[in-house]
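Under the UniProt record's numbering, read the sequence shown as residues 1 to 245, first letter to last.
Heads up, the beta-carbon is just placed ideally off N, CA and C, and yes, glycines get one too.
Source: prediction; values computed, not measured.
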Amino acid sequence: MISIEKTGKTVDDAVAAALEEFNATKDQVDVEVLEESKNSLFGIFGGRLAKVRVTMKQVPEEKTSAPIGANEAVKIISGTEEESALDMVKVSGSSEEADMAAKEFLKNIFAAMKIDVVMEKFFNKEEGSTVFKLHGPGMGVLIGKHGQTLDSLQYLTNLVANKHSEDRVRIIVDVEDYRERRKETLVKLAQRLAEKVKRTGEKVVLEPMNPYERKLIHMTLQNDPKVTTYSEGEEPYRKAVIDLK
Numbered sequence: 001m002i003s004i005e006k007t008g009k010t011v012d013d014a015v016a017a018a019l020e021e022f023n024a025t026k027d028q029v030d031v032e033v034l035e036e037s038k039n040s041l042f043g044i045f046g047g048r049l050a051k052v053r054v055t056m057k058q059v060p061e062e063k064t065s066a067p068i069g070a071n072e073a074v075k076i077i078s079g080t081e082e083e084s085a086l087d088m089v090k091v092s093g094s095s096e097e098a099d100m101a102a103k104e105f106l107k108n109i110f111a112a113m114k115i116d117v118v119m120e121k122f123f124n125k126e127e128g129s130t131v132f133k134l135h136g137p138g139m140g141v142l143i144g145k146h147g148q149t150l151d152s153l154q155y156l157t158n159l160v161a162n163k164h165s166e167d168r169v170r171i172i173v174d175v176e177d178y179r180e181r182r183k184e185t186l187v188k189l190a191q192r193l194a195e196k197v198k199r200t201g202e203k204v205v206l207e208p209m210n211p212y213e214r215k216l217i218h219m220t221l222q223n224d225p226k227v228t229t230y231s232e233g234e235e236p237y238r239k240a241v242i243d244l245k
């Protein structure tokens with residue numbers, strides 16, 4: 001089981017911070033209050049933050065991952081619902097070996113974490129990438145804060161897969177459609193912050209993001225006649241900036 005400790009002005013604040021990091025709901029965790037908060041004297045002396053330990057609940061053992069066969073058909077994700085629902089292809093050759101290596105790597109990770117995960121494998125025809133969609137209870141632990149854990153898992157999976165292929169392959173790892181939800185969130189955020197820049201005349205610097213998310217910010221606002229976007233800083237703390245033209 002995976003636990004984290006958090007502090008906050010109140011127990012509820014500390015629990016909320018832990019739930020955000022796990023990307024989980026309260027019924028998916030156990031909460032242990034380590035310290036109650038204490039008000040300071042005159043707002044200066046003796047104050048104390050609340051401290052909690054939050055643990056992801058154990059996944060029932062009877063649930064098992066759905067096996068993915070080596071020569072299975074792979075569902076195509078493409079631009080239309082009709083193609084997504086009907087078209088089927090098979091991955092062969094070195095790309096199949098890479099996919100199998102990626103699948104085995106992910107299975108070993110989940111086994112080490114003692115969590116049960118159902119994996120679906122798709123082929124994204126537009127991007128030429130294999131997509132592993134992961135489902136199951138308590139998946140927030142695989143996402144992490146702002147998807148940082150998921151990005152790290154995807155990076156390692158790509159390293160493993162490309163060691164088994166002569167041509168470069170791209171593996172996308174997604175959990176409960178998190179990446180699509182994150183994309184929608186970032187698009188709305190970019191649009192909202194662009195309006196703020198126009199209204200105030202002051203630039204906005206976003207939080208550090210990975211290259212894909214920064215590119216999404218740039219693409220969302222590239223046709224806006226009043227604002228421009230650029231990136232600044234060094235990885236992994238590089239940030240997107242929205243400013244007036």
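How big is the Cα-Cα spacing for residue i and residue j?
i    : j    : result
V118 : F110 : 10 Å
L159 : L150 : 14 Å
A102 : K183 : 24 Å
E83  : E176 : With a pLDDT of 32 at E83, under the threshold of 50, the modelled position of this residue cannot be trusted; read the value that follows with caution. The straight-line gap from Cα to Cα measures roughly 21 Å.
V131 : N124 : 7 Å
E166 : S129 : 15 Å
M219 : K239 : 15 Å
K38  : R53  : 18 Å
Can you tell me whether DSSP reads residue i as helix, strand or coil?
i    : result
V52  : strand
M139 : coil
D116 : coil
N223 : coil
K203 : coil
S165 : coil
E5   : strand
N124 : strand
T10  : coil
Counting only the same chain and skipping the five closest in sequence on each side, list residues whose C-beta sits under 7 Å from that of residue i.
i    : result
V197 : K203, V204, V227, I242, D243, L244
F42  : With a pLDDT of only 47 at F42, under the threshold of 50, the placement of this residue in the model should not be trusted; the figure read from the coordinates follows. So the list is empty, once near-sequence residues are dropped.
L186 : E213, L216, I217
A194 : L221, D224, V227, I242
Tell me which residues share the same chain as residue i and place their Cβ nearer than 8 Å to its Cβ, disregarding the 5 neighbours each side in the sequence.
i   : result
D13 : A50
So, is residue i buried or exposed, given that buried needs 16 or more other C-beta atoms within 10 angstroms?
i    : result
V141 : buried
T157 : buried
M139 : buried
E155 : Here residue 155 is Tyr; the residue named in the question, Glu, does not match the sequence. Result: exposed.
Go through its chain and collect everything with a Cβ distance to residue i's Cβ below 6 Å, but skip five positions before and after it.
i    : result
Y230 : V241
Can residue i and residue j be called in contact, C-beta distance under 9 Å?
i           : j    : result
residue 259 : A161 : The shown model of the chain, from 1 to 245, leaves out residue 259, and the question about it has no answer.
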